[in-house]
Structure formats: structure tokens, C-alpha cells
Amino acid sequence: MHPRRTLPLVAAAAVGALLTAALPLAQASTPTDAATAQAAARETGSPVEVVSARTATSATYANPDGSWSRTIRAAADTWIDSGSNKASQATSPELRIGSTNSGFTKARSYLTFDTAALAGIPSTTISSAAVTVSDFVTGSCAGSAIRMSRVTAAWSVTGLTWAKQPATTATGSSTTKEAHGAAKCPAEGPMTFDATAILAAWAGGSANYGVQLKADSASSSAGFRKLRSLENGDLAKAATLSVTYDNAPVVPTDLAVAPGNEKYITSTTPTLSARVTDPDGGQARAHFQIYTQSTASLIWEDTSDWVTSGDVATLDVPEGVLTGEPVYVAAFADDGKLESATAQVKAYRVDTVAPVVTITATGYTNGGWDPTPPTSNTFTLDGPSDTATFHLVIDGWYDVTAYPAASGSGDFSFAFAPASGVHTVQATATDKAGNVGPTATFTFGAGVPVPAS
């Protein structure tokens, strides 16, 4: 197993007050916690913001499939070209890519992202990442490819020039042909680049120097783009980096059955329960399975309703599943997308029969009267072999818990030769499963005068 690495906390170049400006976010009247957001996402089929997790530069969303997304705004951006704008255009309201004059003048853009906002997200849980920019001018609606590449050397927003561009790598680069802002596609719209491999490189230890955007074909006007920069006046149109991630839930705890105990189930329709926890928060549910012990055959499985992460999920077993055969009960935790790596499993015997006890005596008969009390007498409580305890009451006041003999016979014997009079011995058996049987009563008398019949 490879150890998890968290994304490196490499701060990008500062952009003054823009770092603390409010990130455009979904509207919400009250703070929404992770569990509420996740429930709403499943119900609506659309991402819902976890408003309580909002920061000045990031937003977190619950997705309908159980995963999560965190979006951060670019920390800095600029552009340069090979013509009259060779120096960094750090304060420009736009970013430029490509050429409008068959490659005579070529433009490129550079962006940085402060991944500190992604701290705590293990790289092994990231399923995808994307950089999105807003395109408002293009050379052609049938745009040619724009490539995003990882920058591999240090640079600064103010010091960048056409002659002093940082190195990049083609490894992990991605392209898009999305285009907006020409005569037949006038509406401004997004261009999205796959950034999964770039995020993986940063998480793997490569320094985060940001990304470069350039046209694959600088000689074609179809590769020309104008994008909104951080300085465009509307931060909702600034570039963003979005990461989709999902931690698998941890193995459930506190697996239990009711009625029953740690070894026995005392109903054919018990309620199963387990505590389910998702490291991402939000909601989780339990996926229960029942197997036979004899053949390890799956005989039933079902999934509980959603509960808040860390709470106990419950599910009733329907009639007909449990027939008295010993079983294994397993519980996985599920977040809708991923399941816990393993299950919590317990072995149970199914026992729904209440134990019946009989009472006998060596010197008396039940319901009888002996004018001459015996000099000795032994009572025996005879229960099933799985009897755990007897509740013994003598003459209504002597009240004790008695334990069967170690032989496993389910019997308990005791000497009792009382004085003259009417006496009562009562016993109730409880078996190892917790089933409580009916109370048995033995009434007898001794001495004179003998009661009239």
C-alpha cells in the first residue's frame, strides 16, 4: 500500500487584495453543513455548496454521486506576446493566447494557483481536476487546440517577459478546442482543461509553479483567444481550479443486532445496526450482508437509509431470511460512490426459543403435603443445556440468581429442608441468547396438622 500524500502547500505569487476578495459562490440563506448539502445534492441531482466550508478563495460542493469538489480561484495571472507586449501584462483585464496574424505575433498566458486551499485532501482520493477559464473572443468558432502545460521553473508575475519564459513539460498537458466570442458563437463561455495529471505531479512532489496556456498552432487564427483575467472586474469570470475527490468510508464499528447480544440473535426479524463514518463528512449508510456459517453463502443483503457521518445506521431483516442456522453478519460503510475497504463481521447463532425449566425435589412432590418432613431434601432446577442463569425465589422473599452446573447440563441443585408450613419455590430460566422462559412453580407443605382437602 502506498502512503497517502497531501497536496504541497506551495503559495503562488501574491495578487494583493484579490486573494481576500469573495469567491463567487452559490446563494444560500443559511449556512449549510456537509450532511445537509449532500442530502440536497442527492435529491436535486445537482452539486450543492457546503456553505459552512466557504472561505475567501475557495468553495466546497457536495456532488450527487457522493463525491466532493473544491474550487479555488487563480492566485495570479498574466500574458505576454512576441510583439509590442513582450513585458508581463499583469494588470490587464484579459489574457491572450495564439495569434491573429498567422503567427507573426504570438501570445501566451500564465496562471498560478495556491494549493493551500486543498490542504487535507489526500492525493489518492482525487479522481479528477480541471482548470476553467472564461473565453470571450476567439478567432474561429471551430477553434484549434489550446494546450495547458505544467510550468517547471520559477517565475514571477511582474518579471515575466517573452524572452524570459519559464520551462514547461508536455507530461500531463491537456488541450481543449472550446471557443466562444466569434460571429457564430457570440456568447462568452468556459474553456475547461483536464488538470488531473498536473495535480498528481504537484502532489507527488513536483514544485507548483502554475500552468501555461498557448495555442498548439500559433499560425492559425483559430487558436486565438481572449480570456477574462483576475483584473477583469468580475471575479466570477476569473480562472478556477476545481478538484473532485472522495475518501472511502472507514470500516464500520459497533455492529449489533437487536434483540440479541454479541453471540446470539433472538428474533427472525432483528434490527441490524452499525456506526458509519466518512472522513469527508456528510452522510453515509450501511450495506449489510448475511452469510451462512456452514458454507459462507450470501443469503441476504440490503442498504440502510442515509445518516449523518458518525451516526448509527439501522436496517430490519425481513421474515424468511433467518431460519435458525448460524450466520455471519457483515457491515460495510458506503458513501454512494465508494465503500469501506472491508466490513465489520460478527458470528451469531439464531435462537428464538425461550428456555423451559422444571423443578423436582428428592423429598417432596409438587402440590403435596408431608406430615413428617424429611430430614434432608434437594431441589433440582432442570433447564436446557444452553441455560445461562436461573432466577430463583423461595417463599416470596429469598431472591437469588443461580448458575447451572459447569457440566453444561443446564441443571442447578440446592438443599432446602424447611420448617413446617406451606412453601413455594419459583424458578425462571434465561438462556445464553438472552431468551427468558416462563416461571415454574413448585408448592409443597410439611408438618402437622395436615390441611383439610
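Residue -8 is where the sequence shown starts when you use the numbering used here, and the numbers rise one by one after that.
Ideal placement from N, C-alpha and C gives every residue a C-beta, glycine not left out.
Boundaries of the alpha helix (DSSP H) harbouring residue 31: 25 to 35, taken from the DSSP string.
By the Cβ neighbour-count rule, residue 399 is exposed, with fewer than 16 other Cβ atoms within 10 Å of its own. Counting along the chain, residue 193 sits inside the alpha helix (DSSP H) bounded by residues 187 to 194. Between residue 58 and residue 234 a beta carbon distance of about 10 angstroms is seen, past the 8 angstroms cut, so the two are scored as non-contacting. Judged by DSSP in its simplified three-state form, residue 312 adopts coil rather than helix or strand.
Take residue 432, set aside five residues on each side of it, and the residues of its chain with a beta-carbon closer than 7 angstroms to its own are 415, 417, in chain order. For residue 226, no beta strand (DSSP E) segment is defined, and its DSSP state is neither H nor E. Residue 156 has no beta-bridge partner at all, per DSSP.
Sequence-distant Cβ neighbours of residue 276 in its own chain, meaning closer than 6 angstroms and more than five residues away, are 294, 295, 297, 304, 325. With a cutoff of 7 angstroms on beta-carbon distance, residue 64 and residue 186 are scored as not near each other. Inter-residue distance for residue 62 and residue 52 is about 8 angstroms (C-alpha atoms, whole angstroms).
Distance between residue 419 and residue 266, taken at the CA atoms: about 35 angstroms. If you look at residue 429, you'll find it in the beta strand (DSSP E) that goes 427 to 437.
Annotation: residue 269 to residue 236 spans about 13 angstroms, alpha carbon to alpha carbon.
Where residue 117 is concerned, the enclosing beta strand (DSSP E) starts and stops at 117 to 129. In this structure, the alpha-carbon of residue 123 lies about 50 angstroms from that of residue 309.
By the criterion of at least three beta-carbon pairs nearer than 8 angstroms, the region 161 to 181 is not in contact with the region 236 to 252. Restricting attention to 102, 98, 83, the CA atom closest to the CA of residue 66 is found in 102.
For the set 46, 37, 54, the Cα lying nearest the Cα of residue 271 is the one of 54. The region 382 to 390 makes no contact with the region 212 to 231, as fewer than three CB pairs between them are under 8 angstroms. Under the three-state reduction of DSSP output, residue 413 falls in the strand class. Sixteen is the threshold: when 16 or more other Cβ atoms of the shown chains lie within 10 Å of the Cβ of residue 264, as they do, the residue is buried. With a cutoff of 7 angstroms on beta-carbon distance, residue 183 and residue 136 are scored as not near each other.
Residue pairing by DSSP places residue 278 opposite 294, 323 in a beta bridge.
Here residue 212 is near residue 91, since their CB atoms are less than 7 angstroms apart. Taking each of 396, 115, 342, 240 in turn and checking the Cα distance to residue 316, the smallest one comes out for 342.
DSSP, reduced to helix, strand and coil, places residue 206 within a strand of the structure shown.
Annotation: the region 382 to 406 contains no complete segment of the alpha helix (DSSP H) (minimum length 4 residues).
For residue 306, the enclosing beta strand (DSSP E) starts and ends at 303 to 307. In the three-state scheme derived from DSSP, where H, G and I count as helix and E and B as strand, residue 106 is classed as helix. Note on geometry: alpha-carbon atoms of residue 93 and residue 330 lie some 53 angstroms from one another.
Contact check between the region 372 to 384 and the region 340 to 354: three or more CB pairs, one atom from each, fall below 8 angstroms, which counts as touching. Around the beta-carbon of residue 313, 16 or more other beta-carbon atoms lie within 10 Å, marking it buried. The residue among 323, 179, 232 with its C-alpha nearest the C-alpha of residue 292 is 323. Taking C-beta atoms as the reference points, residue 368 and residue 257 fail to come closer than 7 angstroms. Sequence-distant Cβ neighbours of residue 436 in its own chain, meaning closer than 6 angstroms and more than five residues away, are 360, 413.
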